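A short worksheet on the structure shown next.
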Amino acid sequence: MGSALFAAQRAADLTYVLLNKEQLDDIALLTEVNQTLKEYGEQTSKVLAGDITSLRAISSQLYTIFSAQDVRVAATLINTMLAEHASVPRLTVHANTPWHIHVDSSDHAPWAEWFASSSAFALAVLLAEKQRNPGGVCASATCSRPFIDTGKGGGRLYCSPRCATRERVVLHRKAHA
Numbered sequence: 000m001g002s003a004l005f006a007a008q009r010a011a012d013l014t015y016v017l018l019n020k021e022q023l024d025d026i027a028l029l030t031e032v033n034q035t036l037k038e039y040g041e042q043t044s045k046v047l048a049g050d051i052t053s054l055r056a057i058s059s060q061l062y063t064i065f066s067a068q069d070v071r072v073a074a075t076l077i078n079t080m081l082a083e084h085a086s087v088p089r090l091t092v093h094a095n096t097p098w099h100i101h102v103d104s105s106d107h108a109p110w111a112e113w114f115a116s117s118s119a120f121a122l123a124v125l126l127a128e129k130q131r132n133p134g135g136v137c138a139s140a141t142c143s144r145p146f147i148d149t150g151k152g153g154g155r156l157y158c159s160p161r162c163a164t165r166e167r168v169v170l171h172r173k174a175h176a
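So the sequence shown is numbered by numbering that gives the first Met the number 0: it starts at 0 and just counts up by one.
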């Protein structure tokens with residue numbers, strides 16, 4: 000998986016955790032956030048309770064980008080995030096990673112700055128490559144999970160085949176009721 004696609008998928012997954020896990024207590028939410036970051040190779044430091052509010056604010060901005068139906072709206076929203084959170088791009092290597100590009104202010108930037116800048120940068124790269132919003136929000140009435148659309152077609156509606164099948168079954172049952 001390319002680095003932009005990887006970072007964009009991380010943005011979608013972390014946004015889902017931060018915005019759709021309100022029923023979790025603070026400790027459980029922190030555990031899930033840190034587990035999600037660990038799954039994406041972020042093992043050097045942990046998100047703390049004081050980081051959650053700012054990370055949720057960034058997730059709300061990202062969710063709005065994922066929800067954008069028009070590519071110009073998505074591009075404007077991404078540009079706004081880049082203007083608010085990104086710094087001059089730089090190459091960096093740390094914690095046994097290969098060389099990669101960072102657009103946060105330093106390798107020790109606050110979690111929210113890192114999350115906002117790296118996510119917006121990844122989405123910008125993918126939008127430029129695909130010429131459409133690289134993400135979406137699941138159209139299932141029982142879901143709303145943000146996702147990255149890796150397809151070559153005109154964009155998908157559901158986050159997974161499971162949600163798509165569930166919605167087809169619901170429509171089929173309504174039609175035959």
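No residue lacks a Cβ here, since even glycine has one placed at the ideal position from N, Cα and C.
Just so you know, these numbers come straight off a predicted model, no measurement behind them.
Contact set for residue i: own chain, Cβ-Cβ below 8 Å, skip 5 residues either direction
i: G154; result: R131, N132, G135 and D148
i: Y62; result: T14, L18, V136 and P145
i: A56; result: A111
Inter-residue Cα distance where the pair is residue i and residue j
i: T75; j: G49; result: 29 Å
i: R9; j: D24; result: 22 Å
i: F5; j: R89; result: 18 Å
i: H99; j: L170; result: 45 Å
i: R172; j: G40; result: 43 Å
i: A174; j: G1; result: 42 Å
i: P160; j: K151; result: 16 Å
i: R167; j: K37; result: 35 Å
i: L54; j: A176; result: 44 Å
i: T91; j: L47; result: 24 Å
i: P97; j: S86; result: 20 Å
Among the options, the one whose alpha carbon lies nearest that of residue i
i: T141; options: A123, E128 and R165; result: R165
i: P145; options: S104, S116 and S66; result: S66
i: L125; options: S143, V70 and L156; result: V70
i: N33; options: K45, L23, D24 and I26; result: K45
i: A119; options: A163, A108, W110 and V102; result: V102
i: I64; options: S53, T91, L81 and E38; result: L81
i: K20; options: T91, I51 and S86; result: I51
i: S143; options: C158, K173 and A73; result: C158
i: A3; options: I26, K129 and L54; result: K129
i: T79; options: C162, K37, G150 and Q60; result: Q60
Cβ neighbours of residue i in the same chain (closer than 6 Å, five flanking residues each side left out)
i: S58; result: T14, L17 and L18
i: H93; result: D106
i: H84; result: E112, A115 and S116
i: L28; result: K20
i: L156; result: A138
i: Q22; result: none
Close Cβ partners of residue i (< 7 Å) along its chain, the five nearest in sequence each way excluded
i: W256; result: Residue coverage of the chain in this structure runs from 0 to 176, which leaves residue 256 outside it and unanswerable.
i: A73; result: I64, A67, L126 and N132
i: N95; result: none
i: C162; result: C137, S139 and C142
Contact check, residue i vs residue j, beta carbons under 8 Å
i: A127; j: A7; result: no
i: A123; j: I77; result: yes
i: T30; j: D12; result: no
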